[in-house]
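Remarks on the structure that follows.
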Amino acid sequence: MSTGTANRTGADDAESIRLPERITAQTAAPIWKSTLDTLAHNPAGPIVFDASRLAYVDNVGAAFLFDLTRRERSAHAQVEIRNLALNVAALVRDFDAADFVVPPPGRRDRGILEHLGQATAQQIAYAKQMVGFLRACAGAFREALTRRGAVDWGDVLDIATEAGANAVPIVLLTGFLMGVIIAFEIGLVAQKFGAVIFVVDGVGIAMLRELGVLMTAIVFAGRTGAAFAAQIGTQKVNEEVNAITTFGLNPVHFLALPRLLAAVLVLPLLTVLADLIGIFGGALVMVTFDVGFLQFYSQLLGAITAGDFMLGIIKAAVLGLMIAAVGCHRGLTTGAGATSVGLSATSAVVTSIVLIVVIDGLFAVLTS
Amino acid sequence: MMMQTQVNSGRAAAAPSPAPAISVRNLRMGHGPRVLLEDASFDVWRGEIVVVLGGSGSGKSSLMKSLIGLYQPMAGDIVIEGRSLVTASAQEKAQLQRKLGVMYQSGALFGSLNVLENVRFPLDRFTDLTLEHKNLTARMLLHRVEMAHAEALMPAELSGGMLKRAGIARAMALGCDILLLDEPSAGLDPITAANLDRTILSLREHVGLTFLVVTHELQSIFAIADRAIMLDPVSRSIIASGKPADLRSHSSDARVRQFFNRQPDAHKRRPS
């Protein structure tokens, strides 16, 4: 008979437990629990386990038998396993109870202060690394400008195509929706004061100076910054970065520079698209407020200046440089293993978005 | 005081079942239109260590992936402990796959878990054991593969040989009967490779596991294999099966002797 639990008998002085035919990963839990309960309830008496029926144990079953043999009990309360098959006994006899006395190291819970301290130390270390990386990037830029053939423009074009041309649909969609939403929300408030026409000024200035570039930069950080970190991170894990270094090449020059150049060129272009489509979306909404396209156009020309447009474009170039730099840096500092690549990509996006807001704030202060 | 436990061994091991652990019949497999192996038939008997060998591109790893149900064969049948893997439903296939322990070339440990947690992972998923009992089982497995000292380390901190040994321990956690190892010795130093060979032999002896090992490391083949099956990428078939020492000395096929004696090609082969 095969049962899922151990049977207890009391034939002689010792408590006796008959073990079932099979103890496996699937059947061991109740057997193990009831057996330990028996041991706990009989701390002073001997206990006999009758293994005459036991024909098969897997690794869990072997661990169960071993657990019986390593329990601390008094000299008069020994545990005895009788009639254990040779092949089953062989699974247990190689282990020494002394090897398992120390509990396995668990994951230590860190307090909030330790977390805070560690996070601060990480950020300081990151800032130092970033300064070093930017210095290396500046050196690579200087070389690109002064030495002919220092930049592989084919690489730059490939990256620009992937980061720019392929991002056009999503930039158009987000830019359009941003224009529509801004015009609609401001329009509803302005209508109450009879100032609907000034919504055009708001849409034009907001899109050119702030929203076009911000939305495009956020999309760029999520799409391209993460891709840069993941690509370079995978190359780091596969030791391609080491191979580049041992060829005498500078990884910053070889891997980061083309991406930095592509980002600086592409993000302003995407921003122009976002600006145009956003203003177009705003114009469409303004029709519902009885402001026609011609009226919108003439009002817009009076409201915006070339300076507004250029501010957005310069900001886009700076943000493109920052997003690419953060992505490349996170990629180059990737640790070992696939998990690290994911962490680098996530970290690149989060850092970029925080820096986008910070840089936008600095521009606002400097140009006000 | 640590109690002395008496373990009275009273019976001999049960006689092994005559049914093969793995039976492959007229297998045809490959990728897309590209056929790697045609009309392959062989058995792996319980408690046996069978090595699948062959040159690069001969389909060794693909054969292993077919045997564990990751690749669907183009034709033929794969029978695991009497049940067909090819015609099994998704649920039956999952049950059959649980009988197989697999160690992939890189160890395939989960990067976010430490070594002990990796080995405990199948126990966490498929058993009702308490954490203490799961930890004890996992630690005993790590002892068996000589990795007890590394239980708290993360996979990124392990050497190639340690990754493979931890991979074997994890593969065994649910009490599989058959272990499939993909290139266990590849890229290891001779001492680590010899240790791994010793671990495989010890697991066969003490746990009674059946092994199918994909490798082309000659020293490992001679150290562990009861039988070798050789695949040939040109004829896309099994060209030899037998004891490695017999194949090296007495095979009638020159390609087999060349492989076992590690001889270079006399002339550059034309691509097939």
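Same order as they appear, the protein sequences are chains A and B. According to our numbering, the first sequence is numbered sequentially starting from 5. According to our numbering, the second sequence is numbered sequentially starting from -4. For every residue, glycine included, the Cβ atom is placed at its ideal position computed from N, Cα and C. Computed from a predicted model, the values in this text were never measured in an experiment.
| request: Provide the residue span of the alpha helix (DSSP H) that contains residue 193 of chain A, from first to last. | output: 172 to 196
| query | Does the stretch 359 to 370 of chain A touch the stretch 311 to 327 of chain A, meaning 3 or more C-beta pairs lie closer than 8 Å? | reply | yes
| query | Leaving out five residues before and five after residue 173 of chain B in sequence, what residues of the same chain have Cβ atoms less than 6 Å from its Cβ? | reply | 16, 95, 205
| What is the C-beta distance between residue 199 of chain B and residue 73 of chain B, in whole angstroms, given that I count them as a contact (C-beta under 8 Å)? | Contact doesn't hold; Cβ gap of about 22 Å is too wide.
| query | Can you name the residues of chain A whose CB is closer than 9 Å to the CB of residue 144 of chain B? | reply | Result: empty, since nearest Cβ-Cβ is about 10 Å, beyond 9 Å.
| query | Three or more C-beta pairs closer than 8 Å, one from the stretch 71 to 87 of chain A and one from the stretch 44 to 56 of chain A: is that the case here? | reply | yes
| DSSP three-state assignment for residue 99 of chain B, whether helix, strand or coil | coil
| request: Select from the stretch 334 to 358 of chain A all residues with a C-beta closer than 8 Å to any C-beta belonging to chain B, and list them in chain order. | output: 339, 340, 341, 342, 343, 344
| query | Is residue 210 of chain A buried or exposed, if buried means 16 or more other CB atoms sit within 10 Å of its CB? | reply | buried
| request: Measure from the C-beta of residue 28 of chain A to each C-beta in chain B and report whether the shortest distance is under 8 Å. | output: yes
| message | Tell me the rounded alpha-carbon separation between residue 108 of chain B and residue 253 of chain B. | response | 44 Å
| query | In three-state terms, what does DSSP make of residue 71 of chain B? | reply | strand
| query | What is the DSSP secondary structure of residue 266 of chain A, counted as helix, strand or coil? | reply | helix
| Beta carbon of residue 134 of chain B nearer than 8 Å to that of residue 24 of chain A | no
| task | Find the nearest neighbour of residue 42 of chain A within the set A/64, A/19, A/30, judged by alpha-carbon distance. | result | A/19
| Sub-8 Å separation of residue 162 of chain B and residue 102 of chain B beta-carbons | yes
| request: Could you tell me whether any Cβ in chain A is nearer than 8 Å to the Cβ of residue 167 of chain B? | output: yes
| Through-space distance from residue 83 of chain B to residue 93 of chain B, alpha-carbon basis | 14 Å
| task | Name, please, each residue of chain B whose Cβ falls closer than 8 Å to the Cβ of residue 245 of chain A. | result | Per Cβ cutoff of 8 Å: no residues; residue 245 of chain A is ~16 Å from chain B at best.
| request: May I ask which residues mark the beginning and end of the alpha helix (DSSP H) holding residue 134 of chain A? | output: 116 to 150
| Euclidean distance between Cα positions of residue 75 of chain B and residue 233 of chain B | 20 Å
| query | Exposed or buried, what is residue 36 of chain A when buried is set at 16 or more other beta-carbons lying within 10 Å of its beta-carbon? | reply | buried
| field | Close Cβ partners of residue 29 of chain A (< 7 Å) along its chain, the five nearest in sequence each way excluded | value | 62, 64
| said: Does the structure place the stretch 206 to 222 of chain B close enough to the stretch 21 to 31 of chain B that three or more beta carbon pairs sit under 8 Å? | reply: no
| request: Return the chain-ordered list of same chain residues with a C-beta closer than 8 Å to the C-beta of residue 227 of chain A, the five sequence neighbours on each side being excluded. | output: 167, 171, 174
| Can you tell me the Cα-Cα spacing of residue 233 of chain A and residue 253 of chain A, whole angstroms? | 20 Å
| Any idea which residues DSSP pairs residue 86 of chain A with across the strands? | A/54
| said: I need the DSSP call for residue 37 of chain B, collapsed to helix, strand or coil. | reply: strand
| field | Inter-residue spacing [alpha-carbon to alpha-carbon] between residue 195 of chain B and residue 115 of chain B | value | 20 Å
| query | Would you say residue 52 of chain B and residue 228 of chain B are within 8 Å of each other, going by their C-beta atoms? | reply | yes
| request: Tell me whether residue 66 of chain B sits in a helix, a strand or coil according to DSSP, three-state version. | output: coil
| said: Just verifying my parser: in three-state terms, what is the DSSP assignment at residue 5 of chain A? | reply: With a pLDDT of 35 at residue 5 of chain A, under the threshold of 50, the modelled position of this residue cannot be trusted, and the question is left open.
| request: Identify every residue that forms a DSSP beta bridge with residue 79 of chain B. | output: B/74
| field | Within chain A, the residues that residue 148 of chain B reaches when beta carbons sit closer than 9 Å | value | Result: empty, since nearest Cβ-Cβ is about 10 Å, beyond 9 Å.
| Does any heavy atom of the ligand ADP sit closer than 7 Å to the C-beta of residue 54 of chain B? | Among the components modelled here there is no ligand, and therefore nothing to report on the ligand ADP.
| field | Interface positions of the stretch 98 to 119 of chain B facing chain A (Cβ-Cβ less than 7 Å), listed along the chain | value | 106, 107, 111, 118
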